[in-house]
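Working notes, beginning with the structure itself.
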Amino acid sequence: MKPIAIGTWKFAKAGVQEAMGLLTRGADAIDAVEKAVRIIEDDPSVASVGFGGAPNSEGVVELDAAIMYGPGHRYGAVAGLQDIREAISVARLVMETTPHCLIVGEGARKFAISHGFKPCQLLVERELEKWNEWKRSGKTESSHDTVCILALDSKCNLCVGTSTSGVRYKLPGRVGDTPLVGNGLYCDNDVGAAAATGVGEHIMRYCMSHHIVEEMQRGADPASACRSAITKALDHERHLREVMFAVLALDRHGQWGAAASREGFCVAVGQAGGLVELVDIPPV
Numbered sequence: 151m152k153p154i155a156i157g158t159w160k161f162a163k164a165g166v167q168e169a170m171g172l173l174t175r176g177a178d179a180i181d182a183v184e185k186a187v188r189i190i191e192d193d194p195s196v197a198s199v200g201f202g203g204a205p206n207s208e209g210v211v212e213l214d215a216a217i218m219y220g221p222g223h224r225y226g227a228v229a230g231l232q233d234i235r236e237a238i239s240v241a242r243l244v245m246e247t248t249p250h251c252l253i254v255g256e257g258a259r260k261f262a263i264s265h266g267f268k269p270c271q272l273l274v275e276r277e278l279e280k281w282n283e284w285k286r287s288g289k290t291e292s293s294h295d296t297v298c299i300l301a302l303d304s305k306c307n308l309c310v311g312t313s314t315s316g317v318r319y320k321l322p323g324r325v326g327d328t329p330l331v332g333n334g335l336y337c338d339n340d341v342g343a344a345a346a347t348g349v350g351e352h353i354m355r356y357c358m359s360h361h362i363v364e365e366m367q368r369g370a371d372p373a374s375a376c377r378s379a380i381t382k383a384l385d386h387e388r389h390l391r392e393v394m395f396a397v398l399a400l401d402r403h404g405q406w407g408a409a410a411s412r413e414g415f416c417v418a419v420g421q422a423g424g425l426v427e428l429v430d431i432p433p434v
């Protein structure tokens with residue numbers, strides 16, 4: 151099987167490139183996904199993920215992340231994680247070292263520290279200035295761009311990882327779709343993997359990632375399955391065309407697809423030789 155990695159948004163390009171390098175050298179999909187997401191989490195220029203992410207309404211950065219590995223439907227996640235930049239790695243530890251799937255809030259922070267992660271200030275000066283301006287004027291900008299990385303390795307194993315700081319100036323404790331299995335991500339090694347990005351409240355109500363994998367199991371190709379998930383939501387609520395949410399999928403044969411509710415979404419697609427192509431996805 152020829153390995154492949156794909157990711158959401160232009161900022162995923164560096165992560166996908168790293169994942170492809172690992173995969174072509176024989177790495178497992180889970181290692182490639184974790185490394186790819188970590189690169190985005192560590193980039194302070196990305197205002198919706200990890201270090202440098204957008205804060206909640208009280209000026210505190212809270213991170214959500216999850217990882218799901220095809221073999222055994224293994225899944226781990228954290229939500230409302232403060233002071234720890236490597237949220238995806240903490241999620242993997244939840245999966246691999248505990249009997250649990252999801253740990254939240256202060257419990258997630260203590261868990262991370264107990265495993266050697268070092269607390270740090272996640273709020274950067276740029277975001278502090280924007281938060282202060284929002285407190286003064288009430289004006290804000292959109293920030294809900296989850297990084298999602300999907301990978302298929304040479305051993306035909308699939309993995310998907312997601313990470314975000316969530317909606318800008320959200321209520322403290324708000325959790326979106328990103329860390330929730332079946333919503334922000336889903337993976338079945340016999341079928342494929344899927345993930346979602348955008349306004350999580352809409353994604354959660356339609357269980358989009360699980361819907362996509364179920365559609366692929368019924369015979370749909372990844373692109374058709376993705377369009378089905380977006381169309382289902384839009385058919386029920388036409389006003390959602392004014393809201394950005396998007397999905398992408400990768401099947402067990404290495405075919406990928408994506409769909410979006412409106413213009414502006416792109417997918418970073420790993421190519422042979424380490425090149426990464428940015429593919430614009432038209433709205434359904």
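151 is the number of the first residue of the sequence shown in the working numbering; add one for each residue after it.
Quick reminder that beta carbons are idealized off the backbone N, C-alpha and C, glycines included.
All figures in this text were calculated on a predicted structure; none of them were measured in a lab.
Beta-carbon contacts of Ile189 that lie in its chain and below 6 Å, excluding the five residues immediately before and after: Ala164, Gly165, Glu168
Assign Arg412 to one of three DSSP states: helix, strand, or coil. coil
Using a 10 Å radius around the Cβ and a threshold of 16 neighbouring Cβ atoms, would you call His223 buried or exposed? exposed
When burial is assigned at 16 or more other CB atoms within 10 Å of the CB, is Arg377 buried or exposed? buried
Closer than 6 Å by C-beta to Tyr336: which residues in its own chain qualify, once you throw out the five before and the five after it? Chain order, please. Ala344, Ser359, His360, Val363
Please report the residue range of the alpha helix (DSSP H) in which Met358 lies. 358 to 367
Going by DSSP in three states, Arg377 sits in which element: helix, strand or coil? helix
Could you check the C-alpha separation between Glu212 and Gly323 for me, to the nearest Å? 8 Å
Under 8 Å between C-beta atoms of Ala186 and Gly157: yes
Kindly list the residues whose CB is nearer than 6 Å to the CB of Phe116, restricted to its own chain and excluding five residues on each side of it in sequence; keep chain order. As displayed, the chain neither begins before 151 nor continues past 434, which places residue 116 out of reach and without an answer.
DSSP has Arg224 in a bridge; who is on the other side? Tyr219
Quick one: give me the first and last residue of the alpha helix (DSSP H) that Gly200 is part of. Element bounds for Gly200: n/a, residue is neither H nor E.
Would you mind working out which of Gly226, Asp295, Tyr319 sits nearest Glu514, comparing C-alpha positions? The question about residue 514 has no answer, for the chain in this structure spans 151 to 434.
Taking the runs of the beta strand (DSSP E) that are 3 residues or longer, which of them lie wholly in the segment 294 to 325? 297 to 302, 308 to 314
Coil, strand or helix - Pro372 by DSSP: helix
What are the residues that DSSP puts in a beta bridge with Phe395? Gly348
Collapsed DSSP secondary structure at Thr247 in the structure displayed: helix
Quick check: the Cα distance between Cys416 and Ala410, rounded to an integer number of angstroms? 9 Å
Reference Gly266, options His250, Thr290, Ala237, closest by Cα: Ala237
Is the beta carbon of Gly332 less than 8 Å from the beta carbon of Cys298? no
With 16 other CB atoms within 10 Å as the buried threshold, where does Pro249 fall? exposed
Taking C-beta to C-beta, are Val274 and Gly202 nearer than 8 Å? yes
Have a look at Val434 and Ala379 and give me their C-alpha separation to the nearest angstrom. 10 Å
Give the DSSP bridge partners of Asp401, in chain order. Gly342
For Leu272, the three-state DSSP class (helix, strand or coil): coil
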